[in-house]
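S.K.: This structure is in structure tokens; I'll ask about it shortly.
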């Protein structure tokens, strides 16, 4: 971010020339990513292109989806209420009617592809292309189907208010902590009535135990912790999921997400978020991974081997989920709203009062 | 006499029109200046939407009102002249923007001003006494020249300022004028405004202010001092700024707060705040209060937000103020106590300490197998896991997390040379830490195993080396914790007094004498054990000069000062 609080991290012993070399390296890395994305457009087949209806100054939502039919209605409701005007979605070979559902929505532009999710950098190549084409000079929200963005005052102020406020302060990106929600009792049990609010089915979360480091040379943040860290990765903390994201960015066609939405190029955008305890205005992504379908999905994921990094390292993780453990304990917190997250120090309203 | 409004608008014209209509239909003349950047089509639509009102006028010359430049003052002057000429009955002129919203019925404002016909409401602060502006220039606003745009030609702007500073260039103020600063939004009487605009020397003032930085915050604020009879140095418009000097925006959820402020007008209002616009744009006499404006509550709310934004909350980690670089606002949230050697020397020390102090007492939080939380819970407050691997992945973060998630309750824990030593530096540099050490007491554990073998000897040597390094850090000059160090021999000379001293520091209330003493473990034979080690070539000097004799340790009640580092 720009402004007085956008202090660069201390680059320590890296000299001026070292800094220039590393800046050049990342410039070329960014170009390489953009080139990949440009090429990946051939993989996308437009199913329903309503992008002509996109107006100036609208907030756009970008997502890749695969078999998310059950989550979709609530996902769309949530983000429509937040003031997202148009959804640009890539359907990656869904078999549960996700595509049909999306095609019927008036504010969704849909592309489909059968190409490899992993081969497209977990869908990022596709989305980067769409952002390059439609997101320039607009605020772009990039989320997964199981992520619900909230931020201070989200019930009374929509994303246009938030982005307007950020933009007046020269802020280009908005950070959020992934809060993993889980149920009480063994995973994968209980019914999932359609139209049910996932937040009412997964009301629990871990309030503490997050750790953060800033990584050189990409200046990206690395926050870990939460329930998956505690239950599944206690013996291998390095492999625990990354929880910091930059889901909302005032996009430029020269930008590219680097590693999911955890980090982005150019590097300075990564400094827009400092993790839990950040004093600036920041948000939270409520992660609804542990809805009842998680067990069968994990079995499928283990089989598909499209996980980030080396898939075989995550077999144990999927096996543990398939065992249907109970993630709940007496110190779990019941999610009550954004004010609670602010008082727990997991997000901050900054000066946006 | 009535009040007339000048509106400077550049965006959200529909909202501006709505407010202008409200004022005009309430009997107040309105003169509107639209920025030159407003497109012609939009401007003519805007004019047409207000065409049915005969007391609304538009400035014909549309200026570019760029932030920080003369354009805003020029536009205000144009509109003010038009207002004074076209509406001779106007007694007060109120300067507002397109994102202003009246919070109280217009008749109330009119009545308030009618009661004070000679008073000018304009914030006007001399730069000599008060640092009014938030960052940026202060007196240099007047002493330097600013011909370049801050937003469009930042480099030229900065370079030219540097150049003038280096050459020592300054400007001469017009004779008799004292520079004052204040909020851009004012309400002046016809008399004062006329005097300012018809001043013989106005051309000279205008020439001067055209090169002043942000003249809209100083032109009227300075000149009013030359002409006004009675100045109330405050703005009738509620307008808040954040620590970067950007105006705060009000949204629908501020409705109650704005209502309670009793201010006449507020800015800036978010254009989509439908509830605010529909609630406040009415002259309903039921909401009339006839109260003095009282922005105090809003002031306090925004001040506390700014404070958190700038300083952060102590013990809550943030990347850019990690404790390593000493820019932090406190390493931990609250005080905590570390006990080293006590659980070896006393039996059931944890339970006793918990009873005596009411604090939460943990075992060896940094133990090699797991974090021994109070009650040996596998998961603690805030879902901290007792996994040693997770803890050792970020040992200091583990401690701050624990202290943060148990705010309001003091945490005590045991520590020793068997434990992960990584957090030593962190604790020693933390003013919230109280560290009490009985060196060599860990040997009691070895003695209890009742064997003296090669293995024990090696283990004793290893632990002693670790403790020695640990104590060296405790004695470092940069230590900020409350640290007490005794050798085992020193401590057992008067264990109760020493313990009492630690507890006095923990309990905030009136100190009470310990009624129930912790039970010393049986040390008969320990001296011989030490001698045995010594005979085998291993001198356990950290325990001090422990008497070789057998028998129970004497309980000496003589006061003896412990070795107090800080």
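Protein chains in written order, with this note's numbering: chain A, 192 to 544; chain B, 181 to 746. Glycine included, every Cβ here is placed at the ideal spot set by N, Cα and C. Here the structure is a predicted model, which is why all the values come from computation and not from measurement.
Interface residues of chain A around residue 485 of chain B at Cβ under 9 Å?
M.R.: Position 305 of the second chain, counted from the start, is the residue given in the question as residue 485 of chain B. Those within 9 Å of residue 485 of chain B in chain A are 540, 541, 542, 543 and 544.
S.K.: Rounded to a whole number of angstroms, what is the C-alpha to C-alpha distance between residue 507 of chain B and residue 570 of chain B?
M.R.: Numbered from 1 along the second chain, position 327 holds the residue referred to as residue 507 of chain B. Numbered from 1 along the second chain, position 390 holds the residue referred to as residue 570 of chain B. Reliability of the predicted coordinates at residue 507 of chain B is poor, the pLDDT of 43 falling under 50, and the value obtained from them is presented with this limitation in mind. If you take the alpha carbons of residue 507 of chain B and residue 570 of chain B, they lie about 27 Å apart.
S.K.: Taking only beta-carbon positions, decide if residue 482 of chain B is within less than 9 Å of chain A.
M.R.: Locating residue 482 of chain B in the second chain gives position 302, where the first residue counts as 1. For residue 482 of chain B, the answer is yes, since a Cβ of chain A falls inside 9 Å of its Cβ.
S.K.: Closer than 7 Å between beta carbons: that is the criterion. Which residues of the stretch 558 to 583 of chain B meet it against chain A?
M.R.: Listed by position along the chain: 559, 560, 561, 562, 563, 564, 565, 567, 569, 570, 573, 574, 577 and 581.
S.K.: So what's residue 733 of chain B in DSSP terms, helix, strand or just coil?
M.R.: Residue mapping note: residue 733 of chain B aligns to position 553 of the second chain, counting from 1. For residue 733 of chain B, the predicted model reports a pLDDT of 48, less than 50, meaning its position is unreliable; a value from the coordinates is still stated below. Here residue 733 of chain B sits in coil by DSSP.
S.K.: Span of the beta strand (DSSP E) holding residue 438 of chain A?
M.R.: By 1-based counting over the first chain, the position of residue 438 of chain A is 247. Run containing residue 438 of chain A: 435 to 441, per the beta strand (DSSP E) assignment.
S.K.: Return the first residue and the last residue of the beta strand (DSSP E) that residue 300 of chain A is part of.
M.R.: Counting from 1 along the first chain, the entry for residue 300 of chain A is found at position 109. First-last of the beta strand (DSSP E) with residue 300 of chain A: 299 to 304.
S.K.: Skipping 5 residues on each side, what residues in its chain have a beta carbon closer than 6 Å to that of residue 532 of chain B?
M.R.: Mapped onto the second chain, residue 532 of chain B falls at position 352. Taken in chain order, the residues that qualify are 698.
S.K.: When burial is assigned at 16 or more other CB atoms within 10 Å of the CB, is residue 406 of chain A buried or exposed?
M.R.: Residue numbering aside, residue 406 of chain A sits at position 215 when the first chain is read from its first letter. Exposed: under 16 other Cβ atoms inside 10 Å.
S.K.: Give me, in chain order, the residues of the same chain whose beta-carbon lies closer than 7 Å to that of residue 314 of chain A; leave out the 5 immediate sequence neighbours on both sides.
M.R.: Position 123 of the first chain, counted from the start, is the residue given in the question as residue 314 of chain A. For residue 314 of chain A, where only same-chain residues beyond five positions count, the Cβ hits under 7 Å are 255, 281, 283 and 308.
S.K.: Is residue 261 of chain A buried or exposed, if buried means 16 or more other CB atoms sit within 10 Å of its CB?
M.R.: For the purposes of this step, residue 261 of chain A is identified with residue 70 of the first chain, where counting begins at 1. It is buried - the Cβ of residue 261 of chain A has at least 16 other Cβ atoms within 10 Å.
S.K.: Taking only runs of the alpha helix (DSSP H) that begin and end inside the stretch 445 to 504 of chain A, which ones reach a length of at least 4 residues, in chain order?
M.R.: Counting whole runs of 4 or more residues, the stretch 445 to 504 of chain A contains the alpha helix (DSSP H) stretches 485 to 495.
S.K.: Is the CB of residue 428 of chain A under 9 Å away from at least one CB in chain B?
M.R.: As a first step, residue 428 of chain A must be located in the first chain, where it is residue number 237. Yes, residue 428 of chain A lies at the interface with chain B (some Cβ there is under 9 Å from its Cβ).
S.K.: Distance, Cα to Cα, residue 514 of chain B vs residue 492 of chain B?
M.R.: If you number the second chain from 1, residue 514 of chain B lands on position 334. If you number the second chain from 1, residue 492 of chain B lands on position 312. Rounded to the nearest angstrom, the two C-alpha atoms are 15 Å apart.
S.K.: Do you know how far the Cα of residue 213 of chain A is from the Cα of residue 312 of chain B?
M.R.: Your numbering for residue 312 of chain B matches position 132 in the second chain. Your numbering for residue 213 of chain A matches position 22 in the first chain. Using only the alpha carbons, I get a separation of about 42 Å.
S.K.: The alpha helix (DSSP H) that contains residue 292 of chain A, what's its start and end?
M.R.: Here the question's residue 292 of chain A lines up with position 101 in the first chain. Segment 289 to 294, the alpha helix (DSSP H) holding residue 292 of chain A.
S.K.: With DSSP collapsed to three states, give me the class of residue 208 of chain A.
M.R.: As a position in the first chain, residue 208 of chain A is number 17, starting the count at 1. Residue 208 of chain A: helix per DSSP, three-state reduction.
S.K.: Can you give me, in chain order, the residues of the stretch 508 to 541 of chain A that have a beta carbon less than 9 Å from any beta carbon in chain B?
M.R.: Hits within the stretch, in order: 520, 521, 522, 523, 524, 535, 536, 539, 540 and 541.
S.K.: If you draw a straight line from the alpha carbon of residue 446 of chain B to that of residue 573 of chain B, how long is it in whole angstroms?
M.R.: Translated into the one-based positions of the second chain, residue 446 of chain B becomes position 266. Translated into the one-based positions of the second chain, residue 573 of chain B becomes position 393. The alpha-carbon atoms of residue 446 of chain B and residue 573 of chain B are separated by roughly 51 Å.
S.K.: Do the CB positions of residue 601 of chain B and residue 547 of chain B come within less than 9 Å of each other?
M.R.: Position 421 of the second chain holds residue 601 of chain B. Position 367 of the second chain holds residue 547 of chain B. No, they are not a contact pair.
S.K.: If you run the structure through DSSP and keep just helix, strand and coil, what is residue 627 of chain B?
M.R.: Start at 1 with the first residue of the second chain, and residue 627 of chain B comes out as number 447. Helix.
S.K.: Quick one, which residues of the stretch 357 to 371 of chain B are near chain A if we go by CB-CB under 7 Å, in chain order?
M.R.: Taking 7 Å as the Cβ-Cβ cut-off against chain A, none of the residues of the stretch 357 to 371 of chain B qualify.
S.K.: Mapping the DSSP letters down to three states, classify residue 256 of chain A as helix, strand or coil.
M.R.: Here the question's residue 256 of chain A lines up with position 65 in the first chain. Three-state result, residue 256 of chain A: strand.
S.K.: Can you tell me whether residue 523 of chain B is buried or exposed, with buried defined as 16 or more other CB within 10 angstroms of its CB?
M.R.: Residue mapping note: residue 523 of chain B aligns to position 343 of the second chain, counting from 1. It is buried - the Cβ of residue 523 of chain B has at least 16 other Cβ atoms within 10 Å.
S.K.: Counting only beta-carbon separations shorter than 9 Å, does residue 333 of chain B have a partner in chain A?
M.R.: Here residue 333 of chain B refers to the residue found at position 153 when the second chain is read from its first residue. Residue 333 of chain B does not count as touching chain A.
S.K.: Determine the burial state of residue 341 of chain A: buried for a count of at least 16 other Cβ atoms within 10 Å of its Cβ, exposed for fewer.
M.R.: Position 150 of the first chain, counted from the start, is the residue given in the question as residue 341 of chain A. Buried, by the Cβ-count rule.
S.K.: Helix, strand or coil: how does DSSP classify residue 237 of chain A here?
M.R.: If you number the first chain from 1, residue 237 of chain A lands on position 46. If DSSP states are grouped into helix, strand and coil, residue 237 of chain A belongs with the strands.
S.K.: When the Cα of residue 209 of chain B is compared with those of B:435, B:228 and B:265, which residue comes out closest?
M.R.: On the second chain, residue 209 of chain B is found 29 positions in, with the first residue counted as 1. Of B:435, B:228 and B:265, the residue nearest in Cα terms is B:265.
S.K.: Compute the Euclidean distance between the alpha carbons of residue 392 of chain A and residue 421 of chain A, then round it to the nearest angstrom.
M.R.: On the first chain, residue 392 of chain A is found 201 positions in, with the first residue counted as 1. On the first chain, residue 421 of chain A is found 230 positions in, with the first residue counted as 1. The straight-line gap from Cα to Cα measures roughly 21 Å.
S.K.: Do residue 536 of chain A and residue 467 of chain A have their beta-carbon atoms positioned less than 9 Å apart in this structure?
M.R.: As a first step, residue 467 of chain A is located in the first chain; it is residue number 276 there, counting from the start. As a first step, residue 536 of chain A is located in the first chain; it is residue number 345 there, counting from the start. Their beta carbons are under 9 Å apart, which means residue 467 of chain A touches residue 536 of chain A by this criterion.
S.K.: Less than 8 Å between the CB atoms is what I'm expecting for residue 644 of chain B and residue 722 of chain B, so what's the real figure, rounded?
M.R.: To locate residue 644 of chain B, count along the second chain from 1; it is residue 464. To locate residue 722 of chain B, count along the second chain from 1; it is residue 542. Yes, residue 644 of chain B and residue 722 of chain B are in contact; Cβ-Cβ is about 5 Å, under 8 Å.
S.K.: Roughly how many angstroms separate the alpha carbons of residue 304 of chain A and residue 235 of chain A, rounded to a whole number?
M.R.: On the first chain, position 113 is the one that residue 304 of chain A refers to. On the first chain, position 44 is the one that residue 235 of chain A refers to. Approximately 5 Å between the Cα atoms of the pair.
S.K.: Once you ignore the five residues that flank residue 238 of chain A on each side, which residues in its own chain have a CB closer than 7 Å to its CB?
M.R.: If you number the first chain from 1, residue 238 of chain A lands on position 47. Only 290, 294, 301, 302 and 303 meet the Cβ criterion.
S.K.: Using DSSP's beta-bridge definition, name the partner residues of residue 221 of chain B.
M.R.: Counting from 1 along the second chain, the entry for residue 221 of chain B is found at position 41. DSSP output for residue 221 of chain B lists no bridge partner at all.
S.K.: Taking residue 705 of chain B as the reference, which of B:625, B:657, B:674 and B:577 has the closest Cα?
M.R.: As a position in the second chain, residue 705 of chain B is number 525, starting the count at 1. Per the Cα distances, B:625.
S.K.: For a quick check, are the C-beta atoms of residue 411 of chain B and residue 300 of chain B less than 9 Å apart?
M.R.: Position 231 of the second chain, counted from the first residue, corresponds to residue 411 of chain B. Position 120 of the second chain, counted from the first residue, corresponds to residue 300 of chain B. Yes, these two residues count as a Cβ contact at 9 Å.
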